[in-house]
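Asker: Quick one: structure below, then a few questions.
In our numbering, the protein residues as written are 3 to 263.
Structure representation (C-alpha cells):
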C-alpha cells in the first residue's frame with residue numbers, strides 16, 4: 003500500500019481536535035503508531051483511545067509547545083521510549099486576533115509569535131535532531147493559506163504563518179542531504195471549533211464562502227490525506243513544499259466570475 007505508514011512512529015503535536023485529531027485517526031488507519039500531544043493529558047488520551055479503537059497503537063503525552071524547554075524534554079522522552087521518531091506533524095497553534103494593525107499591542111504580537119512560530123520551530127528542531135541522527139524522517143508543519151494571500155486585520159497571525167513557510171523551505175534545504183524532509187500544509191477555511199463562531203454568523207459565512215470556488219468549508223479529514231501522504235514513503239522525493247488545501251480560495255482571490263455562471 004503506497005500510502006502506508008505501517009511501523010512508523012509518528013508524533014502529532016496539537017492532536018486533540020480539528021485537523022490534528024483528523025490526522026491522528028487517519029494515520030492510525032494506515033498503520034502508524036501515533037503519539038498524540040496536547041497541553042493537557044486527558045484530551046490527548048481521549049483521541050489516543052479513539053485511535054486504539056481503530057486497531058492502532060496510540061499513546062498520549064502532555065506537551066506545551068509554548069514552552070520550548072518543556073517541549074524539547076517531552077520530545078526527547080518520546081524518542082527515548084519509542085527508539086525513534088519517523089515523522090512529526092506540527093499542528094499546535096493559537097487562532098488569530100482580528101484587530102486593526104494600528105491597534106496591535108506588543109502583548110498580542112508576542113503571544114502569537116511565542117506559540118505559532120517560536121514554539122513550533124523549537125519543537126521541530128527537537129524532533130529534527132533525532133531524525134538527523136537516524137538519517138531519516140519527515141516533518142509536516144500546518145501553516146495557513148493566509149501566509150500566501152494575507153488577511154484583513156489578521157497581521158500577527160499571518161506573520162507567524164509566513165514565518166513558518168520560510169522555516170519549512172529553509173530547513174528543507176539544510177536537512178535534505180541528511181535524509182530529513184520538511185514540508186507544510188496550508189489550509190483555507192476549515193470546519194473546526196476555531197471557526198465555529200464564523201460558521202454560525204450567516205453574514206460572515208456568506209462573505210467567506212463567496213471567496214471559495216468550492217463554496218464550503220473543508221472538513222478536517224480533507225486535510226488529513228495530504229498530511230498522511232507527506233508522512234509516508236510515497237512522498238520520499240518531496241521536500242520544501244507548501245501544499246495549499248483551500249477549495250480554490252487562493253486561486254479565486256481576484257473575484258473571478260462565479261463558477262456556477
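Note that CB positions come from ideal geometry on N, CA and C, so glycine has one too. Remember, predicted model here, so these are calculated numbers, not experimental data.
Output the distance between the C-alpha atoms of residue 53 and residue 34, rounded to the nearest integer angstrom.
Answerer: Roughly 10 Å separates the two Cα atoms.
Asker: If we ignore side chains and look at the alpha-carbon of each, how far apart do residue 58 and residue 36 end up?
Answerer: Using only the alpha carbons, I get a separation of about 8 Å.
Asker: If you draw a straight line from the alpha carbon of residue 176 to that of residue 113, how long is it in whole angstroms?
Answerer: Each residue's alpha carbon lies about 28 Å from the other.
Asker: What I want to know is whether the C-beta of residue 130 ends up closer than 7 Å to one or more non-hydrogen atoms of the ligand MG.
Answerer: This structure lacks the ligand MG; in fact it carries no ligand of any kind.
Asker: Measuring straight from C-alpha to C-alpha, what distance separates residue 141 and residue 126?
Answerer: Rounded to whole angstroms, residue 141 to residue 126 spans 7 Å at the Cα level.
Asker: Between residue 133 and residue 12, what straight-line distance do the alpha-carbon atoms span, to the nearest angstrom?
Answerer: Taking the straight line joining both Cα atoms gives about 12 Å.
Asker: Indicate whether residue 94 and residue 67 have their beta-carbon atoms separated by less than 8 Å.
Answerer: In contact: residue 94 and residue 67 (Cβ atoms closer than 8 Å).
Asker: Using three-state DSSP, classify residue 258 as helix, strand or coil.
Answerer: With a pLDDT of 47 at residue 258, under the threshold of 50, the predicted position of this residue should be treated as unreliable, though the coordinate-derived value follows. Note: residue 258 maps to coil in three-state DSSP.
Asker: State the start and end residues of the unbroken alpha helix (DSSP H) segment that holds residue 160.
Answerer: Looking at the DSSP string, the run of the alpha helix (DSSP H) that includes residue 160 is 157 to 177.
Asker: Does the distance from the C-beta atom of residue 195 to that of residue 19 stay below 8 Å?
Answerer: Their beta carbons are under 8 Å apart, which means residue 195 touches residue 19 by this criterion.
Asker: Go ahead and pull the three-state DSSP assignment for residue 190.
Answerer: It is coil, neither helix nor strand.
Asker: Is the separation between the beta-carbon of residue 149 and that of residue 242 shorter than 8 Å?
Answerer: No; because the gap between Cβ atoms is not below 8 Å, this pair is not in contact.
Asker: Would you report the Cα separation of residue 164 and residue 238, rounded to the nearest angstrom?
Answerer: If I take the Cα positions, the gap works out to 25 Å.
Asker: According to DSSP, is residue 153 part of a helix, a strand, or is it coil?
Answerer: Correct three-state label for residue 153: coil.
Asker: Could you please give the first and the last residue of the uninterrupted beta strand (DSSP E) stretch that includes residue 40?
Answerer: 35 to 40 is the extent of the beta strand (DSSP E) around residue 40.
Asker: Pull up the DSSP beta-bridge partners for residue 141, would you.
Answerer: In the DSSP output, where bridge partners are listed per residue, residue 141 has 90 and 184.
Asker: Short of 8 Å in beta carbon distance, which residues of its chain neighbour residue 45, apart from the five on each side in sequence? Order them along the chain.
Answerer: Excluding positions up to five away in sequence, the list reads 18 and 19.
Asker: Could you say which of 6, 215 and 123 lies nearest to residue 92 if we only look at CA atoms?
Answerer: The shortest Cα separation from residue 92 among 6, 215 and 123 belongs to 123.
Asker: How should residue 79 be labelled, buried or exposed, when 16 other C-beta atoms within 10 angstroms of its C-beta is the threshold for buried?
Answerer: Label assigned to residue 79: exposed.
Asker: Could you tell me which of 30, 224, 42 and 63 sits nearest to residue 55, measuring between CA atoms?
Answerer: The candidate whose alpha carbon is nearest that of residue 55 is 30.
Asker: Residue 26 by DSSP, collapsed to three states: which one?
Answerer: Helix at residue 26.
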